[in-house]
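Q:
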Amino acid sequence: MSKKRLKCFEITFEITSEDERLSLLDRFNSLPSKNEQGAMLASLLTVEKVKQRRPRDNDGASKLHDHSYTYSVKVTREGNSTTVPVCFNAFISIFGTTKAVVERIRKSLAETGVTAIWNATGTCALSTKKPRWRHQLTGWKNFEGHARNLRRSTLWQWSLTCSKM
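Basically the working numbering = 1-based index in the sequence shown + 339.
1. In the DSSP output, which residue or residues are listed as bridge partners for Leu384?
2. By alpha-carbon positions, which one of Ser362, Thr385, His404, Leu384 ends up nearest to Arg393?
3. Is it the case that the Cβ atoms of Ala449 and Val386 are separated by a distance below 8 Å?
4. For the stretch 361-380 against the stretch 430-440, are there 3 or more C-beta pairs whose distance is under 8 Å?
5. Nearest-angstrom Cα distance between Leu363 and Phe352?
6. According to DSSP, what are the bridge partners of Pro424?
7. Since Asp365 is in the alpha helix (DSSP H), which residue starts that stretch and which ends it?
8. For Phe348, I'd like the list of residues in its chain whose CB is within less than 8 Å of its CB, leaving aside the five on either flank, ordered along the chain.
9. Let me confirm a value: Ser356 is counted as buried when at least 16 other C-beta atoms fall within 10 Å, else exposed. Which label applies?
10. Which stretch, first to last residue, makes up the alpha helix (DSSP H) that contains Leu448?
11. Residues in its own chain within less than 6 Å of Pro424 by CB, not counting five upstream and five downstream?
12. For Gly377, count neighbouring C-beta atoms within 10 Å of its own C-beta (all shown protein chains included) and say buried if the count is 16 or more, exposed if not.
13. Just mark Ser447 as buried or exposed, buried being the case when its beta carbon has 16 or more other beta carbons within 10 Å.
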C-alpha cells in the first residue's frame, strides 16, 4: 500500500472503534443471501458521474473513467445512526469482502442503477462467462438424461467383461 492509502486506512480505523467495526461485520455476515449482502454494500456506495475532464495531449492513450465512487459506513453512536466516510481499502477490510465483489457492485450500479443479482448457479447475472455444463442452461431436470448418456458412452466400455480381463 502506498503512504497515502495507508494514511487513509489508519485514519478510518481511528475514527471508528473496534466495536463499531465488529457490529458492522456481524450484521453483514448475518444476512442470509449474497443478494442481500450486495444490497447492503450497494447502499453504502455513492456513484457520481465525472463532471469535468482536463484537456490532455493524447486522449487516446489514457483510460478515462466515467464514474467516481465514495464509500461510507453507518455506525450507531449514542443511539444515533452516523454515516462515516471511509476509503476503499477500509471498506473492503471492514466487511471482509474482496475487491472483485465491490467492483462488480460498482459496475452494476453504474450501468443499471441497481445492485447485481446472483442467479441460481451461484454466478452474477452480469457475468459474461458461458456456462460449461448443459444443466446450467436448462436446469437439473434435463441434466439427468445427459448424465446417463455420458455415463454410457465414456465411463464404461461395454466390450470389456470380467472373462476378457
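We put the beta carbon where it would ideally sit given N, CA and C, even for glycine.
A: Checking against the coordinates, here is how it stands:
1. BP columns for Leu384 point to Tyr410.
2. Among Ser362, Thr385, His404, Leu384, the Cα nearest to that of Arg393 is on His404.
3. When the beta-carbon positions are compared, Ala449 and Val386 come within less than 8 Å of each other.
4. As far as the Cβ criterion goes, the stretch 361-380 touches the stretch 430-440, which means the pair count is three or higher.
5. Put simply, the backbone Cα of Leu363 is about 13 Å away from that of Phe352.
6. Ser411.
7. 357-368 is the span of the alpha helix (DSSP H), which, as asked, contains Asp365.
8. Within its own chain, the residues whose Cβ lies closer than 8 Å to the Cβ of Phe348, once the five positions on either side in sequence are excluded, are Met340, Cys426, Asn428, Ala429, Ser432, listed in chain order.
9. Residue environment: Ser356 is assigned as exposed (fewer than 16 neighbouring CB atoms within 10 Å of its CB, all protein chains considered).
10. The continuous alpha helix (DSSP H) containing Leu448 extends over residues 438-450.
11. Once the five neighbours on either side are set aside, the close Cβ partners of Pro424 are Ser411.
12. Its Cβ being crowded by 16 or more others within 10 Å, Gly377 is buried.
13. It is buried - the Cβ of Ser447 has at least 16 other Cβ atoms within 10 Å.
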